[in-house]
Structures are given as C-alpha cells and as structure tokens.
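Report on one structure; see the data block that follows.
Protein chains: 2
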Amino acid sequence: MPRPTLVDVAKIAGVSRATAARVLSGETKVDVRMAAAVERAAKELGYEANSAARVLRGGRAGAIALIVAFNELDSLTGTFFTSVLKGAAKGLYAGEVQPVLLPADHEDGDRIPRFLRSGAIDGAIVILQHEITHLAQALVDSPVPIAWVGRPRVALAPDAIVVDSDNYGGGRLAARALADAGRRRLGIIAGPSDMEPARDRIRGWRDELAQLGIDDSPIVHGEFTLVSGSAAMARLLKRHPDLDGVFASSDLMASGAIRVLQAAGRRVPSDVAVIGFDDVSIATTMDPTLTTVRQPLEDMGRVAAETILAVVQGRDVDRRPILDTTLVQRESA
Amino acid sequence: MPRPTLVDVAKIAGVSRATAARVLSGETKVDVRMAAAVERAAKELGYEANSAARVLRGGRAGAIALIVAFNELDSLTGTFFTSVLKGAAKGLYAGEVQPVLLPADHEDGDRIPRFLRSGAIDGAIVILQHEITHLAQALVDSPVPIAWVGRPRVALAPDAIVVDSDNYGGGRLAARALADAGRRRLGIIAGPSDMEPARDRIRGWRDELAQLGIDDSPIVHGEFTLVSGSAAMARLLKRHPDLDGVFASSDLMASGAIRVLQAAGRRVPSDVAVIGFDDVSIATTMDPTLTTVRQPLEDMGRVAAETILAVVQGRDVDRRPILDTTLVQRESA
DNA sequence: TCCGATCCAGAGATCGATCTCTGGCCATCA
DNA sequence: TGATGGCCAGAGATCGATCTCTGGATCGGA
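Line by line, the protein sequences are chains A and Z. In terms of our numbering, the first sequence opens at residue 125 and continues consecutively. In terms of our numbering, the second sequence opens at residue 125 and continues consecutively.
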C-alpha cells in the first residue's frame, strides 16, 4: 500500500488539501476544530510529508553536502575527520537539514560539480582539503555557498566562508608553555610554508619568543606527517644539538620527532620538552603522552554548519569565525 | 538567474520536452541529429536535472541513510566507525546513490522514524548499534530496508540484512595462533554474553582449543572497553596466575589487559602473549604493538552498501554476508 | 500509386506539497 | 435590515522531469 499523501489526510479530516497543508506546516489561521481533525487524520495514517514534492515546490533542498577526502583518512588522522564530521553532522541535524556525504576522491572528477548544480543541496561544507586542490576551482565556482573548515591552499572570494582555529594564538601558546617550563633553547618544526595556517603558527611562535627575548631562529619544515616530522627533527638536531624544547606544529610530526629524539639518546621531557598541535588521538596513546595545542575540532564542525545554515537562509553572520586554541598539558612538556 | 530546466534545453535545441528527456535519460530511439542538438544545448546551458522533480515523478529517492551513534565515538573507537563509513560511503557513491548521515543519538527520538517514512531515502545502513537499542523497534518497523553492520542485540526478521565478520573463525584464529606460539595455559577475556558476536568468538576459541586438547575453561567477561579489559584481566590473573596466553576479544580490552599484566610484573609477550580483536588504530600505536584478529571494516561497509542497493533495486542477493577475519601478526604474540 | 505497418515526436497528464486568488460566510455598524 | 469589511476555506495553478498515448510521417510492399 502506497504512502499516504496530503490528499488522503484531507479526505479523512473532511477538509481541502490547502487546509491540511496549512495545519501541517504550522500556519495558525485555521479553525481549531479543523486543525484538530487534520492532526488526528495525519497521526492515524502515519502521514509524513513527501520531501521531494516539498523541495520541488519550495526551492530549498533542506540538505547540505559534507565533502570529505576519504583517501586522506587513515588510523592516525581519523580523529581529526571524525571530530569535525561529528560537529558538522549534529549542527546540521539540529538545523533540520540533512547532511549528505560526498567522497571527494572518487574517480569521476566531474561528479561533485554536477551534484552542486543539481539542486539536491543548498550548500556544502569541505572537511579536509589538503589533497583536493584539483577540485578547488569547481568548488570556488559553486552555484551554492561553500564553507571551508580550515583554510585551503586556493584563493578564495572575499565573502567565502572559512571556519578556522586560532593558529597564531596557538603558536604563542606553545612558545609561552615551553618558556614557562624554563626552556630557553627552542626550535620549531613548522608546516609547509605555502599553507597559511602553518605560517600563522610560525608567526605566533616568533612573536611570543621575541617578546620573551628568546632566539626564534631555529626552524625546519615538515609536511605535517609522521615521517616528515622525524626527518625534520633529525635536521634540527644536527644544526642545534643543544635544544631543550621543540614545538612540532602537528601531533603527527611531534610523534615522529620524539622517536628521533629518543633514538638520539635524549629523554622527553627531561632533556627536551616537546609540544604538538591538533590534539588528535595519537597524542593520548603515545609514550610519553603529548602536551599539545588543541584545536576545537568538533566546535569547528558545528560552527561551519551553523554558519552555512545562516548564509543559506539569508541571515547575516560572521563568515570568517576563528575559534580559540587551548593548551592541553600532558607528559611531553 | 535561475537554473536551466528541461524546457530551456528543449527550446534551444528546437525539440519538445519529451524528446529532450529521452535524450538525456539515455533513450536510444531518437533521431541522431535531434539528440546531438539536445546534448549541445544541455552542455551550453550547463543543464543538470532537478533531482527533486525526478524523485517526485520516479518514486525512488536515490539516497540511503547512514545511521550513526555519534556519542559512541571517541578517539579510541573512531577508526572503527571511520573505516566502515568510508567503505559504505564509497560503495553508495559508486552506485550513484547519495549517503545521508543520520545521528542516532539526537534528543528528538521520533525524528529518525519520521525520516524513514518521508520518502527521502530508499533504505538505511546502521553503523554502530551498541547503544541504540531504544531505536531498535523503530528501525525494525522501518518501511524501507535496513542493513545492519554487525549483529545488533535486538531480534531481527528472518529476511533482515546483516553484514558481519566471521567472529567464530576469528576466535579459532586466535586460539591457533597462541597454540602455534607454544602457549598452553590460555585464558579468554570475552565480551558481554548477551551479544551474539561475543558468543561466536568464544565458540570459535573453545572449538579450536578442544581440537588441540588445551583447557578452555579460564574465561572472564568484559564490556569491550579499555577499563573493563583491565578489570577482567585482573580477575583472570587472580584465578589463573600461571597463564601464558590471553585472547582479549576486542583491541581496547587487550590494551587494558596488557597494562594490568605489565603492572603485575609480566612481560608481554615473553611471559604472557596477548591477542586482540578488531585491528583498530590503538593496535598499532600501543607498546608493544598488538597482534590481533582483523575485521575487514571498510569491506563490511562496502558490502553493506552493495547489499542494500541490490535489495532496493529488487535484485536477488545474499542478505547475510559474512566476511573473513585475518590474523595480523605484531609484537604482543 | 496507394495502403498498411512501423517508428518516433510531441501534447497532455502525473507525482505531492504549497502558494495565489477568489468567494462565501459572519460580524459589525449605520 | 442592508451594506461593508475581515477572515479564512478551497479550487486552481505551479514546481520540473518523465510516462502515456495519439497522430503524423516515412518506408516498404502490392
């Protein structure tokens, strides 16, 4: 038996489609007895509005895409993704909007642009963007608004929606924490210099050290991965064997760095203190556990959802929210 | 300017709506010159079919829900979820169907049943089910087909779709691996006895030990969590201080168990070998790294997607696929 | 050359919710 | 008592793609 429609409800309630629609979409100017009859009929039939018909007539899809580069996911970076996804999905759900998952790394490169034009969604949230620069132009040219979680490498329009954590402030936090622990011979393992968040972390780190009167010149670069962190630490240690504190600007690089330090006979934290950045799961499972600058990933997802909902609904809202980073004290520093 | 419709395409191509529709939906019985004109017009306008109209007319939504209990997610179990989600999302996407995320732990308990009735989706995949028994009845009564990844605690219809790994075989694998390593005084930290997968792991373990002529009586139960694994290990060790091998039927419980063993002065694996179950991220980051029985999580997600697509499309398919578990050899056994 | 069969283009109808617009009903006031 | 205004129920139209059904055109055979 087919799903009940508004006509069925109206027939049972003894009213017209229009009246039934008015009742069920919350219109108030309806006779209370008729309204009650409609409510009763709807309940009796288990009526639920057909979303396709509503969308077709109304113009708004009631869905937001979550664009995810699944191939970037592995057991180490998984929590990054999971946390943001959780925040975004819950934020959208709370706004009565369906989150539609779009794998960004599928072979058919034309599929996402086509989907953005299909009217099936009102907007999109891009969750990981390191490797999807090939999609960048398609996303920038999107007919529906896009919210970026973290700043991508591509040039964005001035009114683009970007939700980010306070990378600059996080750099300052790391510097101050190491200084407060009495460390004075410090080095930084920075991210790729063509990534704005990486540059902001360096800037914060340097500004804070300058203010404290500590040498800020020891710097090497990695690619945010574990192995690049190991390699970077080896270079840094060669140039500055007397270091007593290191800021690795991702947890994965911190993990790689600590392995190299331990292999070189340095104890962490007694000989060299190490601070990471992100606070993903590896920070709690490694030995020693990692002191790190925490990005509020779930909040970032939630704020991205709330922001794009506001934009879709035409409300005025801050399109570049920046969320605070915090220091999480554990064993490594 | 509004999105182009089929009428616009037809007008530019100089044909009727029906002809344009025939061309764009792959119908062959159309004059090649007309077809070419339609294709050209569609490309020129950047035409993309309105999915709401297609759904309204066609009856099939082209979307499958992914029901996820986000509150169960944390940094330790995240990879379980992530892997299944990845497989499911890619499987659905490859089948030209949109994956719609549904948080199962939202306050509004009536929302998911309502959504299942809205016609917005053709089916659903349930990814984590430990804590969502309150939704069970709603899901069992669903008007659209449901695929369960892993067996839930609720009673299912005989034609229910359940994708599972070979828990029984995994139990046998664990027993054989410990026996092959020369261990003879073995114990098992089992899962809750009201969960069928937990019972299957026990059965496999016991059958294999019986066949090998090894005592299978040492058994304690945990709740699949890290702390319950620690507590269970403590009980097991108290009753059987001379154990030289332990099968913990989840990686988290294995992790908790190893901490207790080490605290009790036992070296792992030289004094006591430990095998886990799942192969989630903690297995690779703990020390020693964990030898474990691997569930093919991503494959389970993919198979769930393929199975429900087949059911939705009315194709004949195995509704209870069971995927092989494998032993992953690392340091702990 | 004419008729019948085949093929295919196009007008109309359809899916279900909702917006517009008309008109009926009731109340109030002259 | 009749007229005017307000309020609200209901018929019709609408969104866009696609299925049905009709009829015109073309081709082959007689």
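Quick reminder that beta carbons are idealized off the backbone N, C-alpha and C, glycines included.
Put simply, the backbone Cα of Z/R275 is about 7 Å away from that of Z/D288.
In the displayed model, Z/R418 falls within a strand according to three-state DSSP. Judged by their CB atoms, Z/A378 and Z/V398 are nearer to each other than the 8 Å cut-off. Shown here, A/Q222 sits in a strand according to DSSP, grouped into three states. In the structure shown, Z/S289 adopts extended strand secondary structure according to DSSP, grouped into three states. When DSSP states are grouped into helix, strand and coil, Z/H345 belongs to the strand group. Secondary structure of Z/A137 (DSSP, three-state): helix. For A/N291, no chain Z residue has a C-beta closer than 7 Å to its own C-beta; the minimum C-beta separation is roughly 22 Å. Excluding residues up to 5 positions away in sequence, A228, I236 lie with their Cβ nearer than 7 Å to the Cβ of A/L259 in the same chain.
Take the alpha-carbon of Z/V452 and the one of Z/G295: they are about 13 Å apart. Taking 8 Å as the upper bound for CB-CB distance, A/S354 and A/V384 are in contact here, some 5 Å apart.
Contact residues of the segment 203-216 of chain A toward chain Z are T203, F205, T206, K210, A213, K214 (C-beta to C-beta distance below 7 Å). For A/L280, there is no enclosing beta strand (DSSP E), as DSSP gives it neither H nor E.
Looking at the backbone, the Cα of A/P321 and that of A/R444 are separated by about 14 Å. Annotated three-state conformation of A/A228 is coil, per DSSP. From the listed residues A/G233, A/A173, A/I251, the smallest Cα separation to Z/L240 is found for A/A173. Taking one beta carbon from each stretch, the segment 310-328 of chain Z and the segment 341-358 of chain Z have 3 or more pairs nearer than 8 Å; the two touch. Put simply, the segment 259-269 of chain Z touches the segment 277-291 of chain Z. At least three CB pairs are less than 8 Å apart. The segment 212-231 of chain A and the segment 211-226 of chain Z touch, with three or more beta-carbon pairs separated by less than 8 Å. Taking one beta carbon from each stretch, the segment 419-433 of chain A and the segment 216-223 of chain A have 3 or more pairs nearer than 8 Å; the two touch. For the pair of segments examined, the segment 167-187 of chain A was found to touch the segment 175-184 of chain Z: the number of CB pairs separated by less than 8 Å reaches three. Close partners of A/D411 in chain Z (Cβ separation under 7 Å): D411.
For A/P128, the number of other beta carbons within 10 angstroms of its own is at least 16, and it is reported as buried. Under the Cβ criterion (8 Å, minimum of three pairs), the segment 333-344 of chain A does not count as touching the segment 430-438 of chain A.
In this structure the segment 143-150 of chain Z does not touch the segment 144-151 of chain A; the number of beta carbon pairs closer than 8 Å is below three. Shown here for A/I446: same chain residues with a beta carbon closer than 6 Å to its own, the five before and five after excluded, namely D288, D290 in chain order. Considering only beta carbons, the part of the segment 167-201 of chain A lying closer than 8 Å to chain Z consists of G170, E172, A173, N174, S175, A176, A177, V179, L180, A185, A187, L190, V192, F194, L197, S199, L200, in chain order. Interface annotation for the segment 126-151 of chain A against chain Z: R127, criterion Cβ-Cβ distance under 9 Å.
Z/D402 is a Cβ neighbour of Z/T416, given a cutoff of 8 Å. Under the 8 Å criterion on CB atoms, A/V224 is classed as interfacial with respect to chain Z.
Annotated three-state conformation of A/T409 is helix, per DSSP.
Separation of A/T409 and Z/A299 (C-alpha to C-alpha, rounded to the nearest whole angstrom) is 27 Å. Here A/P420 is buried. Its C-beta has 16 or more other C-beta atoms within 10 Å. DSSP, read as helix, strand or coil, puts A/L447 in strand. Taking every protein chain shown into account, the CB of Z/E168 has fewer than 16 other CB atoms within 10 angstroms, so this residue is exposed.
The C-beta distance from A/T449 to A/L297 rounds to 6 Å, short enough to fall under 8 Å.
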